[in-house]
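Asks: Take any residue in the sequence shown, note its place counting from 1, add 63, and you have its number in my numbering.
We put the CB at the ideal spot given by N, CA and C, even for glycine.
This is the structure, below, for whatever I ask next.
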Amino acid sequence: MRTEHGRRWLYGTGWLISAGVTLVAFRMWHLHLREVEQRAEEAERTRDEVARRKAMEERLRIARELHDSLTHSISVIRVQAGVAAHLARKRGEEVPSALLAIKEASADAARELRATLSVLRNGDADGGTTGSGLGQLADLIARAQAAGLTVTVTVTGTERCLPPDVDQAAYRIVQEALTNVSRHAGAACTSVRLGYGQETLTVQIENDAPDAAAGGADPADDAEGGTEPAPARGLGLIGMRERVAALGGRLHAGPREQGGFRVRAELPAKAPA
């Protein structure tokens, strides 16, 4: 009887010890697992910090290069244009409109360059814009007209405040299109149309130059947002496509049937409820 009782006690003790060992092993495994997870999270944070640091260093490098390569040249252009205008007035001569346009354009370029450098150095996490938007469209058109372009502007729909990235993209598209016209079809008449829809903003710039490539692109260059662009003469249209594609919009750039060139962008800009 005693032997049977001792055997049962021994079995019970063994099971109890086994359960305790299993519990301790499970606890140690759980702690090890948490340690591994913490190490993985720490490694991920370290990689993110290294990536952010490298990105910041690259932004600073680009900012320095832009400052050293462009700021001085733009300042010289602006000062020289101002001196030439001053001397013309001093001699009692009329200041050429092209000279005034150079002075104003260089001042605007310097302002935008400073804003861009500020964004690069501060590393705006929200991808902030450089302050250019359709609010400065009138000044842009005035400079183009002062430089000798014939430009008209038409606005349809109800004007409203746009998201900053859409506002800047629309301005940049008009700016680049007018630049292409001045380079390739300075004598052409150019129209700028802004259409405010319920969910989209349509930006269309077209000219009546007889040369189909007056917009600065290959006539076959016609794509929508996200489509691989055909080879172009410059980077202007590529930049347009990248802006539009980043916003999920559509871009068409190509010759018109009646002659000239058309750039048309449809940007998502849903009206507030």
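Is Pro331 helix, strand or coil when you go by DSSP?
Replies: Three-state result, Pro331: strand.
Asks: What distance in whole Å lies between the Cβ atoms of Ala210 and Ala173, which are believed to be in contact at a cut-off of 8 Å?
Replies: Not really, about 17 Å apart at Cβ, beyond 8 Å.
Asks: Three Cβ pairs or more, each shorter than 8 Å: is that satisfied between the segment 312-319 and the segment 242-253?
Replies: No, because fewer than three Cβ pairs between the segment 312-319 and the segment 242-253 fall closer than 8 Å, the two stretches do not touch.
Asks: For Gly312, I'd like the list of residues in its chain whose CB is within less than 7 Å of its CB, leaving aside the five on either flank, ordered along the chain.
Replies: So the list reads Gly288, Ala328, Glu329, Leu330 and Pro331, once near-sequence residues are dropped.
Asks: Does the separation of the CB atoms of Ala178 and Arg141 fall below 7 Å?
Replies: Their beta carbons are not under 7 Å apart, which means Ala178 does not touch Arg141 by this criterion.
Asks: Please tell me whether Ser160 and Thr215 are closer than 7 Å, where the distance is taken between their beta carbons.
Replies: Their beta carbons are not under 7 Å apart, which means Ser160 does not touch Thr215 by this criterion.
Asks: Using the Cα positions of Ser32 and Ala126, report the straight-line distance between them to the nearest angstrom.
Replies: Coverage of the chain is limited to positions 64 through 336, which leaves residue 32 absent and any answer about it impossible.
Asks: Work out the CA separation of Ala308 and Gly190 for me, nearest whole Å.
Replies: In this predicted model, Gly190 has a pLDDT of only 45, less than 50, meaning its place in the structure is not dependable; the value taken from the coordinates is given anyway. Whole-angstrom Cα-Cα distance: 16 Å.
Asks: Only counting runs of 3 or more residues, tell me where the beta strand (DSSP E) segments fall wholly within the segment 173-239, in order along the chain.
Replies: You should have 213-219.
Asks: Find out if the Cβ-Cβ distance for the pair Ala240, Ile268 is shorter than 7 Å.
Replies: Yes, the pair counts as a contact, with Cβ atoms nearer than the cut-off.
Asks: Using 7 Å as the threshold, is the C-beta distance between Leu212 and Arg122 below it?
Replies: Result no, Cβ atoms of Leu212 and Arg122 do not sit closer than 7 Å.
Asks: Helix, strand or coil for Gly344, going by three-state DSSP, please let me know.
Replies: The structure shown does not extend to residue 344, since the chain is modelled only from 64 through 336, so no value can be given for it.
Asks: Classify Ala103 as buried or exposed, calling it buried when 16 or more other Cβ atoms lie within 10 Å of its own Cβ.
Replies: Result: exposed.
Asks: Name, in chain order, the residues that DSSP records as bridge partners for Leu264.
Replies: In the DSSP output, where bridge partners are listed per residue, Leu264 has Tyr259 and Leu330.
Asks: Cutting at 7 Å between CB atoms, please list the residues of its own chain near Leu310, excluding the five before and the five after it.
Replies: Only Asp228, Val229, Ala232, Leu330 and Pro331 meet the Cβ criterion.
Asks: For my contact list, Tyr259 and Thr221 are in at a C-beta cut-off of 8 Å; report their separation, rounded to the angstrom.
Replies: Right, their Cβ atoms sit about 6 Å apart.
Asks: Starting from Leu133, trace the alpha helix (DSSP H) in both directions and tell me its first and last residue.
Replies: It is not in any alpha helix (DSSP H) - Leu133 carries neither H nor E in the DSSP assignment.
Asks: Please report the straight-line C-alpha distance between Lys166 and His149, rounded to a whole angstrom.
Replies: Answer to the nearest angstrom: the Cα atoms are 11 Å apart.
Asks: Could you tell me which residues DSSP pairs with Arg154 in its beta bridges?
Replies: Answer is none; Arg154 lacks a bridge partner.
Asks: Between Asp111 and Gln199, what straight-line distance do the alpha-carbon atoms span, to the nearest angstrom?
Replies: About 38 Å.
Asks: Is the beta carbon of Val158 closer than 7 Å to that of Ala168?
Replies: Not in contact: Ala168 and Val158 (Cβ atoms no closer than 7 Å).
Asks: Within 10 angstroms of its Cβ, does Asn185 collect 16 or more other Cβ (buried), or is it exposed?
Replies: Asn185 comes out exposed.
Asks: Closest by CA to Arg325, which one among Ile236, Leu298 and His130?
Replies: Selected option, being the one with the closest Cα: Ile236.
Asks: Going straight from the alpha carbon of Glu156 to that of Ala147, what length do you get?
Replies: Spanning the two alpha carbons is a distance of roughly 11 Å.
Asks: Please decide whether Thr134 counts as near chain B, where near means a Cβ-Cβ distance under 7 Å.
Replies: Going by chain labels, chain B is absent from the structure shown, which holds only one protein chain.
Asks: Please state if the CB of Ala272 and the CB of Gly323 are separated by a distance shorter than 7 Å.
Replies: Taking 7 Å as the Cβ cut-off, Gly323 and Ala272 qualify as a contacting pair.
Asks: Classify Gly317 as helix, strand or coil using the three-state DSSP reduction.
Replies: Reduced to three states, the DSSP call for Gly317 is strand.
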